[in-house]
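>
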Ligand SMILES: [Zn+2]
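In this note's numbering, the protein residues as written are 5 to 447.
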C-alpha cells in the first residue's frame, strides 16, 4: 500500500450512533386503552398525510410551519404530525432530486456514448417519470416528549408506563409496557431517548425505543487503506483482491423466477382489463418483497465479513451517484437495483460507525474506467463486464479489483477531492496519465 502524506480526516470525532430497540408489544391489558390509541392514530395519520401532500407539492418541508388544517387533535399532536410529515417529504424530495440528477447524468452519458459511437446494442435512451406523492399506508407515529412520555414503573410487574395524550382534552392514556428479557438486556445501563415510535401492525401496537451510543474511532492514523468497490456480481471487492457476496447464483435464479411471475400477472391483468373485470390481481409480489429482504441480509453478511477480515484498516469506498449505481446494476431490474445497491454503501457506513472504524468516501467518477497503473481513462479499457485491460500500458486485472485499487488511491487525494464535476476529474486523470507517460519514457 502506498504512503499517503495528506490523509483527509473527516471523522476524527467519536461518532454517535442511535440504536433502536424494536418490537416491544404494548400490553392489551385494557382493550379500551388501545382502542383510544386506534382512534387517535386514524385522525393523526389523515392529518399527517395532508401535510405530506402539502410539503411534496406546494411548499418546501418545514417542521415549524404554522398549522393550516383543521383537526380535533391538540396543538402538540398537530405539531408532531407536521414534524413527521416534513421528515417524510424531505426524504421523498431528496430521493426524487437524486433520481432526477441520475437521469440527467444518464442522459449525458447516453449522448456521450452516441457521440463516441460506443453505444451498447441494447441501450435505450433514458426516460423520466414523475414520482407519486407518498401515501401513508402504515400506521406509524413518531411521537416526542410533548405527546408521549415513558416513565419507569415502580412496584409493578411492568417495566414502564407510556403516558400518551389523546383526543380527549387533558385526558392521558396510560399504557403498560413490559419488556422481554432481551429488550431489558439491550437497554441495561442506557439512557433511553425521549422520542418513541408507535407502530400498528395487524391488531397489535408496537413500541420502538432508542438510545444513543458514542463510539470512539479505533483506527490508527497509520492504518493501511483498503479500497472497496461496490457491485452486483461481487457485492464488495477489496483492493487486496478479495470478493464478498454476490448477486449471481441462487439470488439471481430467485430474481428471474420472481420476474417471470410478475410478467404473467401483468399479462393476466391486461386480459382482465379488456374484459372490464373490476377486481384485478396486484402486480406487486410478495415473493419479490421476500427476495428484497433476502438480498439485504446477504449484503449485510458480506459487509460484516469484509470488516472482520480487515480489522484495523481504514476503509475507502465510493460516493455512489444514482447514475453510477444504475450503470453498475444493468443486470438487475429496476426495483432490485434501486433498493439494494444503495444498501451496500449505507451498510458500510453503519458498520464503520458501530465498530469505530474510520471510513472515507471518495469520488466515484471514472473509478471503473481509469487504469490503476497509468491513470489512462477510456471506456475501451473495459472490453467486458469483468475485465479491465488498459489500452495504453496493457495493465490487466479483474475490473472490480482495478476499481477497488483506484478507490484506495483516492483516499487522501485532495486534488481529486476538489474536482467540481466528472469533466474536471477526467481532465485531472488525463493530466496524471501524461505525467506518467513522461516519467516512464513513453513515446
Ligand atoms: Zn494503464
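Glycine included, C-beta positions come from ideal geometry on N, C-alpha and C.
List the DSSP bridge partners of residue 365.
321
> Classify residue 344 as buried or exposed, calling it buried when 16 or more other Cβ atoms lie within 10 Å of its own Cβ.
buried
> Beta carbon of residue 393: closer than 7 Å to some heavy atom of ligand 1?
no
> According to DSSP, is residue 399 part of a helix, a strand, or is it coil?
coil
> According to DSSP, which residues form a beta bridge with residue 164?
156, 181
> Confirm, please, whether the CB-CB distance from residue 67 to residue 101 is below 8 Å.
no
> Run through the stretch 29-81 for me and flag every whole alpha helix (DSSP H) of 4 or more residues, listed as ranges in chain order.
35-60
> Under three-state DSSP, which class holds residue 192?
coil
> Which first and last residues belong to the alpha helix (DSSP H) in which residue 431 is found?
426-443
> Considering only the beta carbon of each residue, do residue 410 and residue 371 sit closer than 8 Å?
yes
> Using three-state DSSP, classify residue 22 as helix, strand or coil.
strand
> Please check the pair residue 363 and residue 321, which I expect to be a contact at CB under 8 Å, by giving their CB distance rounded to whole angstroms.
7 Å
> Distance, Cα to Cα, residue 155 vs residue 72?
33 Å
> Less than 7 Å separating the Cβ of residue 361 from some heavy atom of ligand 1?
No, since every heavy atom of ligand 1 falls outside the 7 Å radius drawn around the Cβ of residue 361.
> Taking 8 Å as the cut-off, does the stretch 233-248 touch the stretch 396-414 (at least 3 CB pairs, one atom from each stretch)?
Result yes; three or more Cβ-Cβ pairs closer than 8 Å.
> Just grab the DSSP bridge partners of residue 147 for me.
200
> Buried or exposed: residue 34, going by 16 or more other Cβ atoms within 10 Å of its Cβ?
Result: exposed.
> Just reading off the beta strand (DSSP E) that residue 458 is part of, what are its end residues?
A query on residue 458 cannot be resolved here, the shown segment of the chain reaching from 5 to 447 and no further.
> Under 8 Å, do residue 97 and residue 60 count as touching if we go by C-beta distance?
The criterion of a C-beta distance shorter than 8 Å is satisfied by residue 97 and residue 60.
> Note the first and the last residue of the continuous alpha helix (DSSP H) segment covering residue 275.
Annotation: the continuous alpha helix (DSSP H) that includes residue 275 extends over 254-278.
> Using 8 Å as the Cβ pair cut-off and three pairs as the minimum, do the stretch 368-384 and the stretch 346-354 touch?
no
> For residue 207, which residues of its own chain have a beta-carbon under 6 Å away from its beta-carbon, when the five flanking residues on both sides are left out?
The answer is none, since no qualifying residue turns up.
> Buried or exposed for residue 220, please, with buried defined as at least 16 other CB atoms from any protein chain shown within 10 angstroms of its CB.
exposed
> Answer yes or no: the CB of residue 380 versus the heavy atoms of ligand 2, is any distance below 7 Å?
Annotation note on ligand 2: not contained in the displayed structure, which lists ligand 1 as its ligands.
> Measuring straight from C-alpha to C-alpha, what distance separates residue 94 and residue 87?
10 Å
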